[in-house]
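Number of protein chains: 2
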Amino acid sequence: RELRTTGRQARVGDRSRSPRQNVRTASLILCTFSYLLVGAAVFDALESETESARKRLLEQKRSEFRRKYRFSPEDYRELERLVLQAEPHRAGRQWKFAGSFYFAITVITTIGYGHAAPGTDAGKIFCMFYAILGIPLTLVTFQSLGERMNVLVRWLLQRLKRCAGLRRTQVSTENMVVVGLLSCLGTLAMGAAAFSHFEGWTFFHAYYYCFITLTTIGFGDFVALQRDEALHKRPPYVAFSFLYILLGLTVIGAFLNLVVLRFLTLNAEDERRDAEGRASLRRVRPGDPLRPSQEVARCGALPSRDPIPFSCLGARSCSRWKLIRLFTAAPSPPRLHLQILSLPHPLRRKAI
Amino acid sequence: RELRTTGRQARVGDRSRSPRQNVRTASLILCTFSYLLVGAAVFDALESETESARKRLLEQKRSEFRRKYRFSPEDYRELERLVLQAEPHRAGRQWKFAGSFYFAITVITTIGYGHAAPGTDAGKIFCMFYAILGIPLTLVTFQSLGERMNVLVRWLLQRLKRCAGLRRTQVSTENMVVVGLLSCLGTLAMGAAAFSHFEGWTFFHAYYYCFITLTTIGFGDFVALQRDEALHKRPPYVAFSFLYILLGLTVIGAFLNLVVLRFLTLNAEDERRDAEGRASLRRVRPGDPLRPSQEVARCGALPSRDPIPFSCLGARSCSRWKLIRLFTAAPSPPRLHLQILSLPHPLRRKAI
Numbered sequence: 001r002e003l004r005t006t007g008r009q010a011r012v013g014d015r016s017r018s019p020r021q022n023v024r025t026a027s028l029i030l031c032t033f034s035y036l037l038v039g040a041a042v043f044d045a046l047e048s049e050t051e052s053a054r055k056r057l058l059e060q061k062r063s064e065f066r067r068k069y070r071f072s073p074e075d076y077r078e079l080e081r082l083v084l085q086a087e088p089h090r091a092g093r094q095w096k097f098a099g100s101f102y103f104a105i106t107v108i109t110t111i112g113y114g115h116a117a118p119g120t121d122a123g124k125i126f127c128m129f130y131a132i133l134g135i136p137l138t139l140v141t142f143q144s145l146g147e148r149m150n151v152l153v154r155w156l157l158q159r160l161k162r163c164a165g166l167r168r169t170q171v172s173t174e175n176m177v178v179v180g181l182l183s184c185l186g187t188l189a190m191g192a193a194a195f196s197h198f199e200g201w202t203f204f205h206a207y208y209y210c211f212i213t214l215t216t217i218g219f220g221d222f223v224a225l226q227r228d229e230a231l232h233k234r235p236p237y238v239a240f241s242f243l244y245i246l247l248g249l250t251v252i253g254a255f256l257n258l259v260v261l262r263f264l265t266l267n268a269e270d271e272r273r274d275a276e277g278r279a280s281l282r283r284v285r286p287g288d289p290l291r292p293s294q295e296v297a298r299c300g301a302l303p304s305r306d307p308i309p310f311s312c313l314g315a316r317s318c319s320r321w322k323l324i325r326l327f328t329a330a331p332s333p334p335r336l337h338l339q340i341l342s343l344p345h346p347l348r349r350k351a352i
Numbered sequence: 001r002e003l004r005t006t007g008r009q010a011r012v013g014d015r016s017r018s019p020r021q022n023v024r025t026a027s028l029i030l031c032t033f034s035y036l037l038v039g040a041a042v043f044d045a046l047e048s049e050t051e052s053a054r055k056r057l058l059e060q061k062r063s064e065f066r067r068k069y070r071f072s073p074e075d076y077r078e079l080e081r082l083v084l085q086a087e088p089h090r091a092g093r094q095w096k097f098a099g100s101f102y103f104a105i106t107v108i109t110t111i112g113y114g115h116a117a118p119g120t121d122a123g124k125i126f127c128m129f130y131a132i133l134g135i136p137l138t139l140v141t142f143q144s145l146g147e148r149m150n151v152l153v154r155w156l157l158q159r160l161k162r163c164a165g166l167r168r169t170q171v172s173t174e175n176m177v178v179v180g181l182l183s184c185l186g187t188l189a190m191g192a193a194a195f196s197h198f199e200g201w202t203f204f205h206a207y208y209y210c211f212i213t214l215t216t217i218g219f220g221d222f223v224a225l226q227r228d229e230a231l232h233k234r235p236p237y238v239a240f241s242f243l244y245i246l247l248g249l250t251v252i253g254a255f256l257n258l259v260v261l262r263f264l265t266l267n268a269e270d271e272r273r274d275a276e277g278r279a280s281l282r283r284v285r286p287g288d289p290l291r292p293s294q295e296v297a298r299c300g301a302l303p304s305r306d307p308i309p310f311s312c313l314g315a316r317s318c319s320r321w322k323l324i325r326l327f328t329a330a331p332s333p334p335r336l337h338l339q340i341l342s343l344p345h346p347l348r349r350k351a352i
């Protein structure tokens with residue numbers, strides 16, 4: 001079945017041109033939707049009760065206040081509006097240079113706490129244009145910086161292995177992933193320690209704040225630099241917060257660069273490979289003997305570097321291998337083996 | 001200077017192994033930092049005045065209220081806390097299934113409005129684990145779906161060109177970028193029309209909301225489904241909101257897939273090319289004549305498909321070309337031209 005599937009991909013004039021990519025995309029959509037359903041159910045179970053209890057408590061307190069002070073309904077609504085609008089001001093001036101810089105960071109990194117949001121229409125318009133340019137710039141910068149960090153870490157690890165006198169000093173992807181994971185956890189813990197000290201939060205809440213910030217979710221339930229006018233009165237702490245966010249995003253970016261980036265291009269690589277296969281077959285005139293690469297393209301790519309045992313090809317019991325194949329890049333058909341040694345594997349993503 | 005730079009890259013045992021990548025990364029950091037400074041200055045100019053005026057107005061109103069009702073300071077602070085905590089409840093139950101699903105979407109897409117945030121510690125912990133798995137899953141899904149969308153659009157455009165009787169039916173990258181841009185604007189406008197109708201916002205505010213949502217910034221200053229208990233009383237509108245967010249993110253994802261994704265892998269591709277160059281040179285024994293590919297690797301890659309005019313090579317006036325080169329993939333050294341036609345350009349990113 002395996003051979004037949006990839007053979008179908010390479011047949012000239014085939015209508016369902018990209019079965020692998022479509023199956024992969026459809027599976028991902030299904031996965032994500034199921035993930036949302038499961039998450040919704042769990043959050044419901046965890047938070048609903050507490051929400052009801054808290055609501056009842058607040059309603060009680062509100063009735064007490066209204067009885068004590070005898071507000072008119074309009075006055076109470078006015079008071080509510082007043083308190084809600086005054087809240088951001090309580091944390092100090094949000095739009096002086098330090099505050100604006102903080103805001104600009106939350107825009108281009110897409111963290112978007114919302115502790116401050118443009119009040120004027122001109123501010124909203126500028127915010128949108130600022131984001132259009134700034135977000136791609138930031139994406140590329142953090143990926144670039146993250147890749148450099150990975151190269152540095154790989155080099156350091158190699159030196160470490162050499163110093164430790166290990167026999168094999170080659171740094172594997174597993175090594176890199178473990179180090180990346182530890183770096184992320186370390187960065188979060190370091191931030192948690194710092195912010196719990198400066199903001200007066202518990203360690204757990206500060207850790208949660210760092211996590212929500214560095215994943216760029218940015219709820220805004222916890223926001224640094226909002227206490228005691230820190231934005232204007234504590235410049236070293238302000239600088240630390242900014243640097244922490246930018247460094248932390250680099251570490252996360254490096255980890256994503258290592259682990260996730262290759263999956264973002266699977267469909268495109270398979271498309272290209274399919275297109276090559278079809279183009280290669282089109283150059284065959286009827287009656288011509290097929291060259292090795294075309295023979296392979298017609299019958300289905302032989303696994304040149306994939307670890308699929310040959311005995312598996314075509315057997316029904318190999319659905320597991322097909323599933324794995326769905327989420328890795330398709331193997332490239334071997335071309336003119338004489339050149340293999342001097343050529344890179346054309347489209348295989350390698351971790352750096 | 002151009003030849004000398006790339007030659008330096010390929011020299012065996014060269015200490016500064018990746019000048020291009022380091023220069024690129026450093027330039028990006030400098031760019032981003034300058035961008036933040038400029039943004040901060042503009043936001044300061046746009047928002048500071050309004051902030052001061054609004055603060056004075058609110059303080060006035062507060063004094064009026066305190067004089068009218070004669071609050072004790074503790075009572076007023078208590079009232080403030082009460083109003084702030086009661087605010088999320090005013091929009092209705094946030095953690096029933098529909099609300100939790102909405103919240104789960106804001107987590108895995110990293111929008112993170114913050115209109116609802118886990119109140120319990122268990123909710124916070126689950127939220128973090130939920131995000132760790134959900135965010136990469138969502139990234140990959142949207143890129144996959146976006147790539148499929150790009151393929152479909154490309155095919156449609158080709159059919160359109162054919163029907164319109166155009167001579168050249170090939171769909172260029174420029175065509176795709178224009179269509180992608182129009183799709184993004186169209187999606188935003190459509191959402192703005194819908195949300196301004198359902199939420200009672202102005203068209204501009206609804207557009208701003210859609211923009212902030214689909215870029216995943218998610219301030220939370222405008223949040224859909226918070227009026228009149230829409231989460232529980234208007235299921236079709238709820239379904240529309242969810243679908244809009246997911247479809248909109250796909251359209252944005254497709255555009256990013258087309259325009260930005262290739263830049264995320266520039267450093268890695270250059271690293272690989274440099275490594276090949278060095279590996280290729282190491283196989284040369286002293287006294288051996290260099291093969292064409294090695295000769296090229298030693299002297300610096302000749303532009304095989306780059307549009308840099310030959311007369312430019314080495315001239316001082318070509319700093320512009322060098323700048324362009326910094327932000328595109330390095331050209332690959334031509335290898336055994338006989339194979340060029342049947343080989344893909346090894347590492348050139350092509351838009352799909």
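Chains as they are written, first to last, in UniProt numbering: chain A, 1 to 352; chain B, 1 to 352.
Backbone N, C-alpha and C define an ideal beta-carbon position, used for all residues, glycine too.
Being a predicted model, the structure only gives us computed values, none of them experimental.
Selected residue, minimal CA-CA separation from residue i, among the options
{"i": "L258/A", "options": "N22/A, V153/A, A116/A", "result": "V153/A"}
{"i": "L166/B", "options": "L157/B, T173/B, E174/B", "result": "L157/B"}
{"i": "H232/B", "options": "R93/B, P136/B, V38/B", "result": "R93/B"}
{"i": "Q85/B", "options": "K61/A, R20/A, G191/A", "result": "K61/A"}
{"i": "P118/B", "options": "Y209/A, L28/A, L188/A", "result": "Y209/A"}
{"i": "V238/B", "options": "Y102/B, E87/B, L57/B", "result": "Y102/B"}
{"i": "F211/B", "options": "Y130/B, L185/B, E59/B", "result": "L185/B"}
{"i": "R24/A", "options": "L137/B, R67/B, F255/B, T106/B", "result": "L137/B"}
{"i": "D121/A", "options": "F204/B, G191/B, E51/B", "result": "F204/B"}
Proximal chain A residues relative to residue i, where beta-carbon distance stays under 8 Å
{"i": "N22/B", "result": "R148"}
{"i": "L31/B", "result": "In the sequence on display, residue 31/B carries Cys and not Leu. L137, T141, listed in chain order."}
Rounded separation between residue i and residue j - CA only
{"i": "E147/A", "j": "T110/A", "result": "20 Å"}
{"i": "F195/B", "j": "E47/A", "result": "28 Å"}
{"i": "L336/B", "j": "T141/A", "result": "Note that L336/B scores 39 on pLDDT, short of 50, meaning its location in the model is unreliable; the coordinates nonetheless yield the value given after this. Approximately 35 Å, taken between the alpha carbons."}
{"i": "R81/A", "j": "H197/A", "result": "33 Å"}
{"i": "F263/A", "j": "N22/A", "result": "15 Å"}
{"i": "I132/B", "j": "A164/A", "result": "33 Å"}
{"i": "A98/A", "j": "H115/A", "result": "14 Å"}
{"i": "L145/B", "j": "F222/B", "result": "27 Å"}
{"i": "K124/A", "j": "G112/A", "result": "13 Å"}
{"i": "H89/B", "j": "D75/B", "result": "21 Å"}
{"i": "S280/B", "j": "V151/A", "result": "21 Å"}
{"i": "T213/B", "j": "F242/B", "result": "11 Å"}
{"i": "T215/B", "j": "G134/A", "result": "11 Å"}
{"i": "F126/B", "j": "I108/A", "result": "27 Å"}
{"i": "F53/A", "j": "T250/A", "result": "In the sequence as presented, Phe is not what sits at residue 53/A; that position holds Ala. Their backbone Cα atoms lie some 41 Å apart in a straight line."}
{"i": "P19/A", "j": "I245/B", "result": "27 Å"}
{"i": "L57/B", "j": "E64/B", "result": "11 Å"}
{"i": "S172/A", "j": "V38/B", "result": "42 Å"}
{"i": "E174/B", "j": "M128/B", "result": "40 Å"}
{"i": "A189/B", "j": "M149/B", "result": "19 Å"}
{"i": "L30/A", "j": "L36/A", "result": "10 Å"}
{"i": "M176/B", "j": "W155/B", "result": "11 Å"}
{"i": "S72/A", "j": "P73/B", "result": "21 Å"}
{"i": "T187/B", "j": "F240/B", "result": "13 Å"}
{"i": "A230/B", "j": "T106/A", "result": "29 Å"}
Chain B contact residues for residue i, given Cβ-Cβ distances below 7 Å
{"i": "Q94/A", "result": "E51"}
{"i": "Y237/A", "result": "None at all; the shortest Cβ gap to chain B is about 17 Å."}
Within chain B, the residues that residue i reaches when beta carbons sit closer than 9 Å
{"i": "E80/A", "result": "V83, A86, E87, R90"}
{"i": "M128/A", "result": "Y207, Y208, F211, I212, T215"}
{"i": "G277/A", "result": "Within 9 Å Cβ-Cβ: nothing; G277/A doesn't reach chain B, min ~11 Å."}
Within chain A, the residues that residue i reaches when beta carbons sit closer than 7 Å
{"i": "K61/B", "result": "L82"}
{"i": "A117/B", "result": "F219, D221"}
Chain B contact residues for residue i, given Cβ-Cβ distances below 8 Å
{"i": "R234/A", "result": "Correct list: empty, because the minimum Cβ distance to chain B is about 18 Å."}
{"i": "I105/A", "result": "L36"}
Contact test: residue i Cβ vs the ligand SAH heavy atom, cutoff 7 Å
{"i": "A122/A", "result": "You won't find the ligand SAH in this model; it holds no ligand whatsoever."}
Determine which residues of the stretch 172-185 of chain B have a Cβ less than 7 Å from any Cβ of chain A, and write them out in chain order.
-> none
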